Each structure stands twice: as structure tokens, then as C-alpha cells.
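Engineer: Numbering (the numbering used here), first residue to last: 3 to 584.
Written out as C-alpha cells, the structure is:
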């Protein structure tokens with residue numbers, strides 16, 4: 003990569019070589035409005051001039067707090083074109099969280115989306131923040147109008163202030179423990195991720211493909227794919243409405259989707275629930291088992307005639323309907339942000355939607371390993387992408403280095419000293435590498451439970467298995483210093499109506515009473531028994547406590563990417579944990 007290469011070069015190159023390429027599509031009520039590459043460059047340039055007119059100097063930080071929408075991408079590239087650095091703030095962040103990010107980053111200009119965000123940031127005052135603009139009150143048009151007098155020469159001069167090593171963005175870690183740290187990602191980091199991603203996922207990131215982006219653009223996964231898709235000439239549409247995704251998939255018909263594991267779990271659980279409601283639960287069970295068996299046979303190349311016949315039958319009866327739920331054209335997906343699990347991986351590949359599971363962190367510009375069409379092993383997170391390397395430390399920790407790895411945390415030398423072992427980045431995750439180079443994540447180093455008997459237990463595999471059950475929304479395995487392993491479980495509200503109907507339980511019966519219902523407890527106990535069958539006796543879950551509430555980001559137990567804040571759960575539900583061992 004040349005030292006002078008930066009992210010705005012993607013926009014300039016596209017406008018020069020493929021001006022008519024439809025880079026983005028915006029919903030307009032009746033369909034989609036096309037934004038060709040040349041028009042995108044015109045808008046990026048005009049907004050960048052407006053940022054300069056607003057007092058943004060080279061290297062200044064500009065923050066975006068908005069849901070997933072076209073303006074996020076437009077502002078991102080405009081900030082880079084003006085020589086600035088984008089600070090990403092989750093649109094669900096609370097005032098204290100936004101205050102910390104804005105203060106720590108030294109943000110000069112803040113762009114928020116609407117009334118809700120404006121109310122969150124209204125009490126905030128920092129030494130550097132000069133102005134807040136609202137996207138729903140014509141922030142883009144305001145910036146364009148301000149920049150009308152800024153010359154092309156002044157804008158071009160900004161390009162000379164940046165190089166591939168310049169910070170492109172600060173993304174603050176979710177903060178499952180302690181204050182969030184600002185991860186610095188450079189232009190080189192994001193360009194390397196885009197190029198390696200195109201090589202690894204050539205069947206997805208190819209000209210003519212299109213995708214519906216619904217993950218938060220404040221998260222590195224969506225952000226990296228957004229950059230990579232533009233460079234690969236993949237058309238992107240945006241939505242922030244997760245409640246009508248099936249309808250939007252049917253309307254937009256994406257060629258591939260990006261999602262976190264919970265989305266794939268929801269798709270599976272919803273299909274299973276609909277089958278049960280229609281009296282076809284057994285058919286779905288057989289279809290699911292056949293899909294998994296078919297996927298497993300693809301790895302061995304040993305599919306029997308009977309399996310082929312069953313798979314063909316269920317493809318007509320079941321799998322086509324499941325693919326239709328993703329729009330009908332979707333044959334691939336990418337899963338990140340957490341472990342998908344072999345069962346779901348095999349299921350989706352078996353129905354004709356191959357899910358490429360990868361592994362990465364904010365600190366690695368998204369994926370640093372990924373399964374691909376050429377190198378696929380369900381249950382693993384694939385091999386390192388080009389330009390990067392992995393190894394396992396003596397204590398089992400996964401170490402990383404390469405072109406996508408952050409140069410460090412923003413103004414935090416202590417965190418940098420803890421995070422790096424020479425050139426190698428310490429992930430905090432435990433992993434393994436098999437003889438063929440495929441990486442498997444086995445748990446979190448800091449989350450290992452040590453029972454009173456001295457047995458080390460990794461909670462993640464147990465929790466991943468339990469969440470596969472349609473009734474279970476969230477769960478957390480506990481038992482550190484205790485004589486045995488237990489689990490706290492919350493119930494999926496969307497699955498409850500069907501369960502009530504099957505068990506003849508009235509809708510008025512509150513959840514606080516249902517958590518003691520023998521039928522509900524019996525299903526949770528069956529899920530635990532299935533999970534226990536996969537681990538040793540010392541690791542098996544002995545006691546269960548079903549909670550009358552769910553854990554959400556709003557109530558503080560989950561991060562924006564749906565990771566558990568274990569310390570928060572342990573504090574808020576200390577009495578429930580104590581009851582498991584009383």
C-alpha cells in the first residue's frame with residue numbers, strides 16, 4: 003500500500019472509472035432512489051467543503067451519532083475528505099457514554115440524527131465541542147451551503163495533510179468492563195480490510211451484488227463492509243428498522259446479508275415456531291436435521307442417495323420458504339460480532355444460504371479471520387485473511403498481527419502496553435488453530451470460571467448452546483468459586499405467545515408466574531440437558547434460575563453489539579445468584 007493512499011481515493015477512483023455505478027440506494031416510499039458514484043463524489047466533496055468552512059482542521063475529530071442510514075456513509079467519507087477523523091457513537095448511547103467519548107476524543111463537531119439524540123447530548127459540554135448539527139434538520143444541506151465559497155484548491159490541500167497512517171476513525175470499545183477505550187483505525191487499516199475482504203469473499207463482494215445494511219454503522223463490522231462494498235462496486239441500501247426486516251428483504255432482495263449471530267438464531271427460532279403453530283413441528287425438525295446432515299456431508303463429500311432424496315424433498319417443502327424470508331436471492335451471509343455455532347452454520351448452509359463466520363475485533367478493523375468458499379470449516383472462524391497472522395500464546399490466548407490491526411488506543415499508553423506483546427496484539431480470547439490453519443475461539447480469558455473444585459469452565463460455549471433454544475433470550479453461566487456451575491436464564495418475549503397457546507396458558511398470566519410453570523421449566527431443563535451432553539460432568543450446569551425480566555441494552559445488561567456485561571448482571575442479580583447456592 004502506498005503511503006499516500008487514503009479512503010477518499012475510493013470515491014475518486016469510482017467516480018472516474020465507473021461514474022454510473024449505483025453506489026447507494028435510498029428508500030423513497032415508493033421504491034429506491036439511486037445514488038451513482040459520480041453523484042456520491044459530488045455530495046462528499048460539497049459536504050467536505052462545508053466541514054472546512056465550519057472550522058474543521060486537518061486531524062480534527064468529528065462525531066456521528068445516528069442510526070444506520072445513507073447520511074452516515076456520506077458524512078464519513080466527507081470527514082475523511084476534509085482531512086478529519088470520524089468518531090463513532092452508537093445511536094443508543096446514554097448521556098454519560100456520549101460525554102466520555104466526546105471528551106476523551108476531543109471532538110470539535112457533533113452530528114446527531116433526531117430529537118432523541120439531541121436530548122441525549124443536550125446536557126453535554128466539553129472543552130472542544132463547538133457545534134452540534136441535526137441530520138433530520140438538514141445538517142447535510144447546511145454544510146453544503148456553508149462550503150459554497152470553499153475552493154477546490156483548498157479542499158485538495160487537505161489531501162496532502164493525510165496519509166495511509168493517519169487516523170481515519172475512533173471507535174470506542176463497548177465497555178463490558180471499565181471505561182471504553184478509543185480504538186484508532188487508520189486509513190491503511192480500513193483499506194487493508196477492504197482489500198483482504200474482497201479477496202476472501204469474492205463471491206459476495208463482487209460488482210453487481212447488493213446488500214441491505216441494517217447493522218449499526220458505529221460498529222466496526224458494518225463500517226468495514228460499507229467501505230469494502232463501495233470499493234468492490236457493491237450497491238448498499240440502509241435501514242435501521244429491525245422489526246420489519248423480512249418485509250424489507252422481500253422488497254430489496256439482497257444478494258447477501260450481514261448479521262450478528264442473534265439474527266440467525268431469530269430466523270431459525272421464528273421458522274420453528276411458525277411450523278409448530280401450523281402443526282408441522284415434526285416436519286421442521288426432520289428438515290432441520292436433514293439440512294445439518296447435508297452440510298456435514300458437503301465437508302466429507304459423502305452424501306448418500308437417501309440423504310440426497312430427503313434434501314431435495316425438504317428443499318421444495320421447507321428450504322425455499324426459509325430462503326424467501328431473506329428475499330429469495332440471498333445465497334450467502336456473513337456472521338460476526340460473536341460465535342455463531344456449528345449447528346446454525348450447518349443448518350443455514352444446508353438450506354442453501356452459506357454463512358461465512360469470521361472473527362475480529364474493533365482493534366482489527368473487523369474480520370481478521372474468516373471462512374470462505376475455498377476454505378470453509380463450519381464451527382471455526384476460518385483462516386487469517388491476507389496480510390495477517392495468528393498464533394496461540396502458551397496460556398491459550400489468541401494473538402494477532404498484521405495490516406488490519408490497530409496501531410493502538412487513543413491517548414492511552416497504559417492500555418497500549420497491556421494490549422501488545424511486541425508486534426502481537428493480545429485479544430483476551432482463548433483459541434486453537436488446527437493442523438489446516440482454521441481458528442476456533444474457545445472462550446474469553448477473563449471470563450473463565452474456576453469452581454471450588456478447581457475446574458476451569460468457559461461459559462461461552464454453554465451459553466451459545468442454550469441460546470439456540472427458541473424460548474431462551476439471554477443466559478449467563480455462573481459458578482466462580484462455587485461447588486458447581488449454574489445458569490441465569492431470561493425468556494424470549496416473542497416466543498411466549500406460541501408457548502402459551504401450546505400449553506393453554508392465558509395471555510394475562512404474567513411472566514413472573516410463568517417462570518415457575520412446570521411446562522416452561524421443563525423446556526428450559528431439556529435445553530440444559532442437551533447442552534450438558536456436550537461437556538464433561540464437571541462443566542455441566544447443575545441448577546437453573548429463570549428470571550421474570552429480560553436483559554437489554556436499555557436496562558444496562560447488554561452492550562450495543564449484544565454482548566453480556568457480566569459484572570452488571572452479577573451486581574443487579576446478586577440475590578438470584580445467591581439463591582442458586584443457598
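Note that CB positions come from ideal geometry on N, CA and C, so glycine has one too. Model, not experiment: these values are computed from the prediction.
Would you list the residues sitting across from residue 5 in a DSSP beta bridge?
Structural biologist: Answer by DSSP bridge pairing: none, since residue 5 is not bridged.
Engineer: Candidates 45, 173, 198 and 517: which alpha carbon is nearest residue 145's?
Structural biologist: 45
Engineer: Could you tell me if residue 476 is buried or exposed, where buried requires 16 or more neighbouring beta carbons within 10 angstroms of its beta carbon?
Structural biologist: So residue 476 ends up on the buried side.
Engineer: What is the rounded straight-line gap between the Cα of residue 554 and the Cα of residue 69?
Structural biologist: 18 Å
Engineer: Looking only at C-alpha atoms, which of 98, 92 and 164 sits nearest to residue 4?
Structural biologist: 164
Engineer: For the alpha helix (DSSP H) containing residue 415, list its first residue and its last residue.
Structural biologist: 415-421
Engineer: For residue 27, which option in 446, 19 and 36 has the closest C-alpha, if you only look at C-alpha atoms?
Structural biologist: Residue 36 holds the alpha-carbon nearest to the alpha-carbon of residue 27 among 446, 19 and 36.
Engineer: In its own chain, which residues sit with a C-beta less than 8 Å from the C-beta of residue 543, not counting the 5 before and 5 after it?
Structural biologist: 464, 479, 487, 488, 489, 530, 533 and 534
Engineer: If contact is defined by three or more beta carbon pairs under 8 Å, each pair taking one atom from either stretch, is the segment 408-421 in contact with the segment 333-348?
Structural biologist: no
Engineer: Name the DSSP bridge partner or partners of residue 87?
Structural biologist: 63
Engineer: Would the segment 220-240 count as touching the segment 191-206 if we require 3 or more Cβ pairs under 8 Å?
Structural biologist: Counting Cβ pairs under 8 Å, three or more are found: they touch.
Engineer: Could you say if the segment 248-256 and the segment 317-329 meet the contact criterion of at least three C-beta pairs nearer than 8 Å?
Structural biologist: Contact between the segment 248-256 and the segment 317-329 is present, because at least three Cβ pairs lie under 8 Å.
Engineer: Apart from the five residues on each side of it in sequence, which residues of its chain come closer than 7 Å, Cβ to Cβ, to residue 513?
Structural biologist: 493 and 550
Engineer: How about residue 77 and residue 88: do their beta carbons lie closer than 9 Å?
Structural biologist: yes
Engineer: With a 10 Å radius around its C-beta and 16 neighbouring C-beta atoms as the bar for buried, classify residue 308 as buried or exposed.
Structural biologist: exposed
Engineer: List the DSSP bridge partners of residue 564.
Structural biologist: In DSSP, residue 564 forms no bridge with anything.
Engineer: Find the nearest neighbour of residue 405 within the set 365, 375, 439 and 428, judged by alpha-carbon distance.
Structural biologist: Measuring C-alpha to C-alpha distances from residue 405 to each of 365, 375, 439 and 428 identifies 365 as the nearest.
Engineer: Whether or not the segment 349-360 and the segment 328-339 are in contact is what I'm after, with contact meaning three or more pairs of Cβ atoms, one per stretch, closer than 8 Å; do they touch?
Structural biologist: Yes, since at least three Cβ pairs between the segment 328-339 and the segment 349-360 fall closer than 8 Å, the two stretches touch.
Engineer: Judging by CA-CA distance, which residue of 541, 425, 293 and 519 is the nearest neighbour of residue 456?
Structural biologist: 541
Engineer: Following the continuous alpha helix (DSSP H) through residue 438, name the residue where it begins and the one where it ends.
Structural biologist: Run containing residue 438: none; DSSP gives neither H nor E here.
Engineer: Could you check what DSSP says for residue 475 in three-state terms: helix, strand or coil?
Structural biologist: strand
Engineer: List the residues that DSSP assigns as beta-bridge partners of residue 27.
Structural biologist: 36 and 239
Engineer: CA-CA distance, residue 467 and residue 293?
Structural biologist: 18 Å
Engineer: Looking only at its chain, what residues have a beta carbon closer than 6 Å to the beta carbon of residue 312, apart from the 5 residues adjacent to it on each side?
Structural biologist: The residues are 292.
Engineer: On a Cα-Cα basis, can you pick out the residue from 389, 447, 437 and 443 that is closest to residue 397?
Structural biologist: 447
Engineer: Quick check on DSSP: helix, strand or coil for residue 313?
Structural biologist: helix
Engineer: With a cut-off of 8 Å on the beta carbons, I'd call residue 306 and residue 351 a contact; round off their distance for me.
Structural biologist: For residue 306 against residue 351, the beta-carbon gap comes to about 18 Å, at or over 8 Å, which does not count as contact.
Engineer: Quick check on the burial criterion: 16 or more other C-beta atoms within 10 angstroms. Buried or exposed for residue 384?
Structural biologist: buried
Engineer: At what residues does the beta strand (DSSP E) containing residue 260 begin and finish?
Structural biologist: 258-261
Engineer: Cutting at 8 Å between CB atoms, please list the residues of its own chain near residue 556, excluding the five before and the five after it.
Structural biologist: 94
Engineer: For a minimum of 4 consecutive residues, which ranges assigned as the alpha helix (DSSP H) are wholly contained in the segment 315-358?
Structural biologist: 322-326 and 344-353
Engineer: Identify whether residue 77 lies in helix, strand or coil by the three-state DSSP scheme.
Structural biologist: helix
Engineer: Which word fits residue 412, buried or exposed, when buried means at least 16 other C-beta atoms lie within 10 angstroms of its C-beta?
Structural biologist: buried
Engineer: Pick out whichever of 112, 154, 148 and 156 has its Cα sitting closest to the Cα of residue 136.
Structural biologist: 112
Engineer: Measure the C-alpha to C-alpha separation of residue 49 and residue 126 and round it to an integer number of angstroms.
Structural biologist: 25 Å
Engineer: Need the endpoints of the beta strand (DSSP E) that residue 169 sits in, please.
Structural biologist: Where residue 169 is concerned, the enclosing beta strand (DSSP E) stretches over 169-174.
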